[in-house]
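Residue numbering for the sequence shown follows my numbering, starting at 18 and increasing by one per position.
We put the beta carbon where it would ideally sit given N, CA and C, even for glycine.
Quantities reported herein were computed from a predicted structural model and do not represent experimental measurements.
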Amino acid sequence: MLLVTGYSGDAGNAIIFTMDPSWIVYGMQFTTHDSDNDDNLNYNCASLLVSGWWFKECSASHLNTNGGATWTTGNTFGDVQISRMLVKVN
């Protein structure tokens, strides 16, 4: 389950703040092509977007995708050139 605290950076926190509330992925389980944990009833988001991520409704913010990555916050869409995700185990 994705629980994010202490965000820092200049790209915006697209885990919690997005253009569309259905894209907020905070608290979601990780979805892969063979483990559909998203809330989309029609598609497996990981299969559709060729990406593993904490999807809710095939959100517009994900770093692992075929051909690039997208990070959406506020009213903007941004194509990601470089990303780094750090995980701290409690």
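At the C-beta level, F47 and W71 come within 8 Å of one another.
The shortest C-alpha to C-alpha distance from R101 to any of G44, V42, A28 and N61 is the one to A28. In the three-state reduction of the DSSP assignment, A86 falls in the strand class, which pools E and B. Between D37 and the set L19, Y60, G69 and W88, the nearest pair of CA atoms involves W88. Separation of A63 and E74 (C-alpha to C-alpha, rounded to the nearest whole angstrom) is 10 Å.
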